[in-house]
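Protein chains in written order, with my numbering: chain U, 3 to 239; chain P, 263 to 422.
Here's the structure, in structure tokens; my notes come after.
Rendered as structure tokens:
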């Protein structure tokens with residue numbers, strides 16, 4: 003009799019112990035979950051603030067660079083450098099850059115603008131040389147038209163990605179005598195070439211490579227990518 | 263029988279060259295237009311020419327980026343307000359001269375309130391009138407183009 007009571011009491015105490023342990027575990031779990039949720043929330047909030055600040059910063063930079071460009075254009079046009087005319091200019095430039103700063107720098111990868119400008123300036127003399135050479139070729143075609151003229155439309159898929167580089171390539175092709183860009187659709191160029199030599203020159207793809215080099219595309223590493231990777235390397239260290 | 267016509271507000275040019283170049287050129291066209299307006303009293307040009315160039319830049323925006331995109335920058339309500347504001351500035355400066363005791367648009371009377379000398383007052387008066395004309399011409403150009411391109415229909419956003 004006493005033994006059974008003893009056993010029952012032991013059982014009861016075990017049960018209570020188990021229950022309290024379970025409850026404690028539950029409480030601990032909830033606490034841990036709440037903390038982690040709070041942490042995630044906090045991190046998200048910080049990220050959102052950071053992202054917003056980044057966007058605002060990018061917008062301000064775009065506004066300022068548009069403003070400076072337009073003011074330079076204004077000063078170039080206007081011959082009057084007194085306070086009155088320059089203040090009108092500042093007002094007008096502010097107005098225009100407010101309404102259309104999203105237009106001029108719509109390219110998201112505008113961080114490496116200086117490199118692009120530098121490479122573009124190097125590209126222009128080469129383009130001039132090409133224009134002169136193909137001018138001579140077209141003059142020869144015009145003087146001895148019989149054998150050489152072989153007009154056709156060639157079609158090639160370009161490796162360029164952004165709109166601005168495609169436009170640069172298309173306009174370079176059109177500027178070069180003998181070739182005209184008829185259309186650009188989804189990265190495919192349709193080019194009218196007047197003779198076989200011109201078409202072969204184009205198909206070597208040297209111009210495309212140079213344009214890709216200007217805008218750091220295709221086989222080049224983006225500067226922004228390296229900047230994005232830098233913190234990961236620091237953490238790995 | 264009622265023929266239902268709808269205006270495709272989001273129709274854009276599908277040519278990457280046209281879109282990119284107009285994106286790059288529109289700010290410079292607008293600055294050029296404002297330059298023509300602001301230097302109208304020194305060099306050829308003036309309110310009408312500058313206003314037409316400014317209107318043309320907005321029309322280029324409509325052609326390349328679609329009505330929807332352009333109406334976000336320049337709503338028809340704002341356009342109507344600008345249209346009247348331009349005429350108001352022009353007529354207001356003219357009538358101000360009458361009130362101050364001269365003829366209509368006789369700028370030398372503006373010297374009484376500006377105190378800058380008669381020649382300077384004439385110059386500033388001409389500039390003010392030109393700004394008015396420019397705003398009015400720009401707004402009218404854009405409003406004519408919007409009326410043509412929407413076929414006279416009220417251009418509400420399409421409910422999708």
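We put the CB at the ideal spot given by N, CA and C, even for glycine.
Treat the numbers as computed from the prediction; the structure is a model and nothing was measured.
Cβ closer than 7 Å: which chain U residues qualify as neighbours of residue i?
| i | result |
| --- | --- |
| residue 278 of chain P | 165, 168, 169, 186 |
| residue 301 of chain P | 80 |
| residue 369 of chain P | Simply none; closest approach about 16 Å. |
| residue 366 of chain P | The premise fails here: residue 366 of chain P is roughly 26 Å from chain U at the closest Cβ pair, so nothing lies under 7 Å. |
Just to make sure I have the definition right: I need the residues of chain U whose C-beta is within less than 9 Å of the C-beta of residue i. Which are they?
| i | result |
| --- | --- |
| residue 283 of chain P | 169, 173 |
| residue 335 of chain P | 101, 102 |
| residue 340 of chain P | The contacting residues do not exist; residue 340 of chain P stays about 11 Å from chain U at best. |
| residue 352 of chain P | Near residue 352 of chain P there are no residues of chain U at all, since even the closest Cβ is about 19 Å away, more than 9 Å. |
Closest by CA to residue i, which one among the options?
| i | options | result |
| --- | --- | --- |
| residue 70 of chain U | P/289, P/380, P/283 | P/289 |
| residue 1 of chain U | P/301, P/362, P/354 | Within the shown structure, residues of chain U are numbered from 3 to 239, placing residue 1 of chain U beyond reach of any answer. |
| residue 342 of chain P | P/411, P/406, P/270 | P/406 |
| residue 72 of chain U | U/25, U/105, U/124 | U/105 |
| residue 2 of chain U | U/158, U/200, U/197, U/202 | The requested residue 2 of chain U is not part of the displayed model; chain U covers only 3 to 239. |
| residue 78 of chain U | P/313, P/293, P/345 | P/293 |
| residue 397 of chain P | P/285, P/369, P/309 | P/309 |
| residue 399 of chain P | P/358, P/311, P/381 | P/311 |
| residue 375 of chain P | P/358, P/328, P/306, P/390 | P/358 |
| residue 191 of chain U | U/199, U/216, U/215, U/163 | U/163 |
| residue 277 of chain P | U/207, U/107, U/189 | U/189 |
| residue 272 of chain P | P/306, P/315, P/299, P/330 | P/330 |
| residue 295 of chain P | P/281, P/315, P/334, P/350 | P/315 |
| residue 2 of chain U | U/215, U/67, U/181 | Because residue 2 of chain U is not part of the residues shown, which for chain U are 3 to 239, the question remains open. |
| residue 205 of chain U | U/232, U/23, U/171 | U/171 |
| residue 335 of chain P | U/59, U/91, U/21, U/97 | U/97 |
| residue 369 of chain P | P/412, P/356, P/270 | P/356 |
| residue 209 of chain U | U/115, U/84, U/173, U/49 | U/173 |
Evaluate residue i with the Cβ neighbour count: other Cβ atoms within 10 Å of its Cβ, from every protein chain shown; 16 or more gives buried, anything less gives exposed.
| i | result |
| --- | --- |
| residue 348 of chain P | buried |
| residue 10 of chain U | exposed |
| residue 16 of chain U | exposed |
| residue 421 of chain P | Confidence is the limiting factor: at residue 421 of chain P the pLDDT is only 44, short of 50, which leaves the residue's position unreliable, though a coordinate-based value still follows. Exposed: under 16 other Cβ atoms inside 10 Å. |
| residue 179 of chain U | buried |
| residue 37 of chain U | exposed |
| residue 234 of chain U | exposed |
| residue 76 of chain U | buried |
| residue 8 of chain U | exposed |
| residue 387 of chain P | buried |
| residue 391 of chain P | buried |
| residue 1 of chain U | Here chain U has residues from 3 to 239 only, and residue 1 of chain U is not among them. |
| residue 13 of chain U | exposed |
| residue 139 of chain U | buried |
| residue 29 of chain U | exposed |
| residue 1 of chain U | Chain U is shown only over 3 to 239; residue 1 of chain U falls outside these bounds and no answer can be derived. |
| residue 136 of chain U | buried |
| residue 285 of chain P | buried |
| residue 383 of chain P | buried |
Can you pull the chain P neighbours of residue i, defined as C-beta to C-beta under 9 Å?
| i | result |
| --- | --- |
| residue 196 of chain U | Correct list: empty, because the minimum Cβ distance to chain P is about 21 Å. |
Note down, in chain order, every chain P residue with its Cβ under 7 Å from the Cβ of residue i.
| i | result |
| --- | --- |
| residue 75 of chain U | 290, 293 |
| residue 140 of chain U | The premise fails here: residue 140 of chain U is roughly 23 Å from chain P at the closest Cβ pair, so nothing lies under 7 Å. |
| residue 72 of chain U | 289, 293 |
| residue 90 of chain U | 300 |
| residue 68 of chain U | 289 |
Return the Cβ separation of residue i and residue j in integer angstroms, given the expectation that the two are a contact with Cβ distance under 8 Å.
| i | j | result |
| --- | --- | --- |
| residue 151 of chain U | residue 196 of chain U | 6 Å |
| residue 134 of chain U | residue 177 of chain U | About 11 Å separates the two Cβ atoms, so there is no contact after all. |
| residue 64 of chain U | residue 100 of chain U | Residue 64 of chain U to residue 100 of chain U, Cβ: 11 Å. No contact. |
| residue 249 of chain P | residue 360 of chain P | The structure shown does not extend to residue 249 of chain P, since chain P is modelled only from 263 to 422, so the question has no answer here. |
| residue 125 of chain U | residue 212 of chain U | 6 Å |
| residue 2 of chain U | residue 193 of chain U | The structure shown does not extend to residue 2 of chain U, since chain U is modelled only from 3 to 239, so the question has no answer here. |
| residue 297 of chain P | residue 80 of chain U | 6 Å |
| residue 169 of chain U | residue 282 of chain P | 4 Å |
| residue 217 of chain U | residue 182 of chain U | About 22 Å separates the two Cβ atoms, so there is no contact after all. |
| residue 426 of chain P | residue 332 of chain P | Any question about residue 426 of chain P goes unanswered here, given that chain P covers just 263 to 422. |
| residue 345 of chain P | residue 402 of chain P | 6 Å |
For residue i, go through chain P and note every residue whose CB falls closer than 8 Å to its CB, in chain order.
| i | result |
| --- | --- |
| residue 106 of chain U | 285, 286, 289 |
| residue 98 of chain U | 289, 292, 293, 296 |
Exercise for review: Just list the alpha helix (DSSP H) runs in the stretch 131-184 of chain U, keeping only unbroken ones of 4 residues or longer that don't cross its boundaries, in chain order.
Suggested key: 147-150, 165-177
Exercise for review: At 3 residues or longer, and completely inside the stretch 308-347 of chain P: list those beta strand (DSSP E) runs for me, N to C.
Suggested key: List check, beta strand (DSSP E) in window: nothing returned.
Exercise for review: Give, in chain order, every unbroken run of the alpha helix (DSSP H) that is at least 4 residues long and sits entirely within the stretch 189-217 of chain U.
Suggested key: 198-205, 208-216
Review point. Unbroken alpha helix (DSSP H) runs of length 4 or more, entirely within the stretch 367-396 of chain P: which are they?
Key: 373-376
Point to revise | Completely contained beta strand (DSSP E) runs for the stretch 55-120 of chain U, where each covers 3 or more residues | key: none
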